[in-house]
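The structure appears right after this line, and notes come after that.
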Amino acid sequence: YVQNQFEAFNKYSGRYVQIAAEVAAIGGRPNEMQYAQIVIRSQSKDYMQAMFPKNVDQLKKLKPGDRVIFSCIPVYDGDWEMVTLDECSVVN
């Protein structure tokens, strides 16, 4: 997405990808979207939000420092110039 958002959109739009990452934090309030903030590159502390609209029970089992594999649909927000991960679930 960073190098070419149009190519990435065509390649990943609506498709699930698996991402191995470390959990940095769990967030969201009971009446809001629940998410895991995950570390993508530990050296630079790049973070992404993995949104859990359906599999929120999986978040209860996670804690900061856990390394897991997430299955999510990447979504690029052009207004904020950032990628979030939607419809996530934990694979392992």
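Take 211 as the starting number for the sequence shown in this note's numbering and just add one per residue. Built from N, CA and C at the ideal position, the CB exists for glycine as well.
Beta-bridge partners of residue i, as assigned by DSSP
i, result
"V285", "T294"
"I279", "A230"
"M258", "I248"
"S300", "In the sequence as presented, Ser is not what sits at residue 300; that position holds Val. F280."
"G237", "Y245"
Backbone secondary structure at residue i - three-state DSSP
i, result
"Y222", "helix"
"Q268", "helix"
"Q213", "coil"
Beta-carbon spacing of residue i, residue j below 9 Å
i, j, result
"Q244", "A235", "no"
"I283", "D296", "yes"
"V233", "S281", "no"
"A260", "I279", "no"
"V285", "T294", "yes"
Spatially closest choice to residue i from the options, by CA coordinates
i, options, result
"N241", "D256, V300, P263, Y222", "P263"
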